[in-house]
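Trainee: Take this structure first; my questions come after.
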Amino acid sequence: MRLTEYAASEIRLGDRGYQIYVGAGLSGRLGEIVATSKPDATGCVVVTSEPIDRLYGEAVAASLGGFNPRTFVVPDGEEAKEWENAGTLLGRFLDAGLDRNGVVVALGGGAVGDLAGFAASIYMRGVAVVQVPTTLLGMVDSGIGGKTAVNHVKGKNMIGSFHQPVAVVADSLLLRSLPIREVRSGLAEVVKYGVIADETLFRYVEENTKRLLGLDQKCMSHVIGRCASIKTKYVEEDERDDKGVRAALNYGHTLGHAAEKLASPKLRHGEAVSIGMMYAVELAIGMGLMDPEEAQAQRRVLEGLSLPTKLPALEADELIRYMRRDKKSEEGRIRMILPTGIGSPPTLRTVEESKLMEAIEAVT
Ligand SMILES: NC(=O)c1ccc[n+]([C@@H]2O[C@H](COP(=O)([O-])OP(=O)(O)OC[C@H]3O[C@@H](n4cnc5c(N)ncnc54)[C@H](O)[C@@H]3O)[C@@H](O)[C@H]2O)c1
Ligand SMILES: [Zn+2]
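See below:
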């Protein structure tokens, strides 16, 4: 098949625009993708973590053979985003002789993608990066949109940049080695897109739950493609997340982030988002924004995916304290993205802490 047939979505941002390619087996065509996305590429390096390198390093290096790539292995998971790793990586890029027309290929989950994207954004004042996410979360969310970050001891994602990739490559075959819990966690983000923007996608997930959990390639590629198109629109309208448009993608994340942090490491990100979406719906019903029947539909889908819908035992006070620090808060008042229906644009609302307490007690 021609490469263009895999182009699921195009992000139109002038000279920062790019294609998102989605399809089984695409990581075997990275050489062609790099050459198409950056015709003047002089060379490339691959940034990945050890488990991913073991699984896919050789095949990816072979597909980039024409570029004679060097592979740099960084720590796995969130550890990749330790600030010091960025410095180490930049030194390796220099040693490898990567020049201003070099390309960084980020092969891994959101953590590797964020670190490699950040390093690429500051190396020689910015070189091209191709995001090759290997987790479902990476394919539907973190690989797209140009946000890069490393962590600081004082806070997660506190140091970063906006640096759009020159291409995103989502090869659904890579998900076959992903632990099922990570697959489910990624599917929570898919449900999120369904609720905030696409009822058809929502119903599709509901009707194809088993196939998605079984990693049916056709279903998976379809869903990833839809999510990529949805995220594309938000990124095009609000590239730097300063117009309030991209905030909708934060649905389920205000309480989700707090729960993820306080229950750490017991909850995966998507699990926390699943829980966050359930409480957001409860608040939306209380404020007359959403019909209780639609709320039931969300619960059905999440439960069908065996995602948690209820907070684990946590101190409600502590949770609320953490939520006040969310970036959407205004003068210490908690603001949350609340749904208005399945597939309809959500709304940003100030939430009374007493109502939040009630919701925390109501969801069972
Ligand atoms: N830049 C953004 O817009 C954005 C958006 C959302 C999240 N993020 C960031 O993404 C990170 C989380 O990303 P994540 O959920 O992908 O987790 P992750 O990158 O930590 O990966 C999770 C685990 O899955 C393993 N793994 C990855 N792909 C695999 C595969 N194909 N087979 C087997 N194992 C595999 C990894 O080795 C790792 O141990 C967080 O740091 C978060 O801040 C960034
Ligand atoms: Zn998320």
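For reference, each letter of the sequence shown is one residue, going 1399 to 1762 in this note's numbering.
Where is the CB? At the ideal position from N, CA and C, for every residue including glycine.
1. Evaluate the contact criterion for the stretch 1644-1653 versus the stretch 1558-1572: three or more CB pairs, one atom per stretch, below 8 angstroms.
2. Quick one, which of L1428, A1682, V1761 and G1642 has its alpha-carbon nearest P1710's?
3. Once you ignore the five residues that flank Y1521 on each side, which residues in its own chain have a CB closer than 6 angstroms to its CB?
4. Could you tell me whether the stretch 1712-1721 touches the stretch 1616-1625, using the rule of 3 or more Cβ pairs below 8 angstroms?
5. I'd like the ranges of any alpha helix (DSSP H) spanning at least 4 consecutive residues and lying wholly in the stretch 1446-1527.
6. Going by other Cβ atoms of all chains shown within 10 Å of its Cβ, with 16 needed for buried, is Q1694 buried or exposed?
7. Quick one, which of D1497, V1643, G1623 and P1744 has its alpha-carbon nearest Y1419's?
8. Report whether the distance from the Cβ of E1476 to the nearest heavy atom of ligand 2 is below 7 angstroms.
9. Shortest alpha-carbon distance to G1495 belongs to which of T1440, T1446, L1462 and V1472?
10. Are the CB atoms of I1557 and V1548 within a distance shorter than 8 angstroms?
11. Is the beta carbon of L1505 less than 8 angstroms from the beta carbon of S1461?
12. I'd like to know if E1751 contacts chain C, where contact means its C-beta is closer than 8 angstroms to some C-beta of that chain.
13. Are the stretch 1598-1615 and the stretch 1629-1642 in contact at 8 angstroms, needing three or more beta carbon pairs?
14. T1607 lies in the alpha helix (DSSP H); which residues open and close that run?
15. Buried or exposed: R1698, going by 16 or more other Cβ atoms within 10 Å of its Cβ?
16. Compute the minimum distance between the beta carbon of V1443 and the heavy atoms of ligand 3, and state whether it is under 7 angstroms.
17. Would you please state the rounded distance, in angstroms, between the beta carbons of E1669 and L1705? I believe it to be under 8 angstroms.
18. When DSSP builds the beta bridges, which residues end up paired with M1734?
19. For the stretch 1513-1596, which segments carrying the alpha helix (DSSP H) assignment without a break, of at least 4 residues, lie completely within its bounds, in sequence order?
20. Cutting at 7 angstroms between CB atoms, please list the residues of its own chain near S1727, excluding the five before and the five after it.
21. Could you give the distance in angstroms between the alpha-carbon of M1688 and the alpha-carbon of L1535?
22. Have a look at the DSSP bridge pairing and note the partners of C1442.
23. I'd like to confirm the pairing. Which residues does DSSP put opposite L1411 in its beta bridges?
24. Relative to the C-alpha of V1589, which candidate in E1580, V1527 and Y1602 has its C-alpha closest?
25. For L1736, tell me which candidate among K1664, G1674, R1723 and P1663 has the shortest Cα-Cα distance.
26. Tell me whether the stretch 1464-1475 and the stretch 1441-1450 touch, counting them as touching only if at least three CB pairs, one residue from each stretch, are closer than 8 angstroms.
27. Using 7 angstroms as the cut-off, classify the Cβ of I1557 as near or not near the heavy atoms of ligand 1, replying yes or no.
28. Looking only at C-alpha atoms, which of V1538, A1478 and E1701 sits nearest to L1573?
29. Opposite Y1404 in the DSSP bridges: which residues?
30. Report yes if the C-beta distance between V1432 and V1501 is below 8 angstroms; otherwise report no.
31. In the DSSP assignment, what are the bridge partners of E1728?
32. How about P1690 and I1594: are their beta carbons less than 8 angstroms apart?
33. Rounded to the nearest angstrom, what separates V1564 and R1414 at their Cα positions?
Mentor: With the given structure in hand:
1. Contact fails: fewer than three Cβ-Cβ distances are below 8 angstroms.
2. The residue labelled residue 1710 in the question sits at position 312 within the sequence shown. That would be V1761, whose Cα lies nearest to the Cα of P1710.
3. As a first step, residue 1521 is located in the sequence shown; it is residue number 123 there, counting from the start. For Y1521, where only same-chain residues beyond five positions count, the Cβ hits under 6 angstroms are L1488 and F1491.
4. Counting Cβ pairs under 8 angstroms, fewer than three are found: no touch.
5. Fully enclosed alpha helix (DSSP H) runs of 4 or longer: 1456-1461, 1481-1493 and 1508-1520.
6. As a working mapping, residue 1694 is identified with position 296 in the sequence shown. Counting C-beta atoms within 10 angstroms of its own C-beta, Q1694 has fewer than 16 neighbours from the protein chains shown and is therefore classed as exposed.
7. The residue you call residue 1419 lines up with position 21 of the sequence shown. Looking from the CA of Y1419, the closest CA among D1497, V1643, G1623 and P1744 belongs to G1623.
8. The residue given as residue 1476 occupies position 78 in the sequence shown. Checking every heavy atom of ligand 2 against the Cβ of E1476, none is found closer than 7 angstroms.
9. Taking the first residue of the sequence shown as position 1, residue 1495 is located at position 97. From the listed residues T1440, T1446, L1462 and V1472, the smallest Cα separation to G1495 is found for T1440.
10. Counting from 1 along the sequence shown, the entry for residue 1548 is found at position 150. Counting from 1 along the sequence shown, the entry for residue 1557 is found at position 159. A contact, by the Cβ cut-off of 8 angstroms.
11. As a first step, residue 1505 must be located in the sequence shown, where it is residue number 107. As a first step, residue 1461 must be located in the sequence shown, where it is residue number 63. It is not a contact, given that the beta carbons lie outside the stated cut-off.
12. Absence of chain C from the displayed structure is noted, only one protein chain being present.
13. Contact between the stretch 1598-1615 and the stretch 1629-1642 is absent, because fewer than three Cβ pairs lie under 8 angstroms.
14. Translated into positions along the sequence shown, residue 1607 becomes position 209. From DSSP, the alpha helix (DSSP H) with T1607 extends over T1607 to L1611.
15. In the sequence shown, counting from the first residue as 1, residue 1698 sits at position 300. So R1698 counts as exposed.
16. This structure lacks ligand 3; its bound ligands are ligand 1 and ligand 2.
17. Here residue 1669 refers to the residue found at position 271 of the sequence shown. Here residue 1705 refers to the residue found at position 307 of the sequence shown. Contact annotation, E1669 with L1705: C-beta distance approximately 6 angstroms; criterion of less than 8 angstroms satisfied.
18. What you label residue 1734 is simply residue 336 of the sequence shown in a count that begins at 1. Note: M1734 sits in a beta bridge opposite R1747.
19. For the stretch 1513-1596, whole alpha helix (DSSP H) runs of length 4 or above, ordered along the chain, are 1578-1595.
20. One-based indexing of the sequence shown puts residue 1727 at position 329. Cβ neighbours of S1727 beyond the five flanking positions: R1733.
21. Counting from one through the sequence shown, the residue named residue 1688 turns up at place 290. Counting from one through the sequence shown, the residue named residue 1535 turns up at place 137. In this structure, the CA atom of M1688 is about 27 angstroms from the CA atom of L1535.
22. Position 44 of the sequence shown, counting from 1, holds the residue named residue 1442. Secondary-structure assignment with DSSP links C1442 through a beta bridge to V1501.
23. Looking up residue 1411 in the sequence shown gives position 13. According to DSSP, L1411 bridges with D1413.
24. Numbered from 1 along the sequence shown, position 191 holds the residue referred to as residue 1589. Residue Y1602 is the option with its Cα nearest to V1589.
25. What you label residue 1736 is simply residue 338 of the sequence shown in a count that begins at 1. Per the Cα distances, G1674.
26. The stretch 1464-1475 is in contact with the stretch 1441-1450.
27. The residue labelled residue 1557 in the question sits at position 159 within the sequence shown. No, Cβ of I1557 sits at least 7 angstroms from all heavy atoms of ligand 1.
28. On the sequence shown, position 175 is the one that residue 1573 refers to. Nearest option by C-alpha distance: V1538.
29. The count along the sequence shown starts at 1 and reaches residue 1404 at position 6. Under DSSP, Y1404 takes part in no beta bridge, so it has no partner.
30. By 1-based counting over the sequence shown, the position of residue 1432 is 34. By 1-based counting over the sequence shown, the position of residue 1501 is 103. Against a cut-off of 8 angstroms, the Cβ pair of V1501 and V1432 comes out as a contact.
31. Position 330 of the sequence shown holds residue 1728. The partner list for E1728 (beta bridge, DSSP) reads R1731.
32. Residue mapping note: residue 1690 aligns to position 292 of the sequence shown, counting from 1. Residue mapping note: residue 1594 aligns to position 196 of the sequence shown, counting from 1. For P1690 and I1594, no; Cβs fall outside 8 angstroms.
33. Residue mapping note: residue 1564 aligns to position 166 of the sequence shown, counting from 1. Residue mapping note: residue 1414 aligns to position 16 of the sequence shown, counting from 1. Taken atom to atom, the span from the alpha-carbon of V1564 to that of R1414 is near 7 angstroms.
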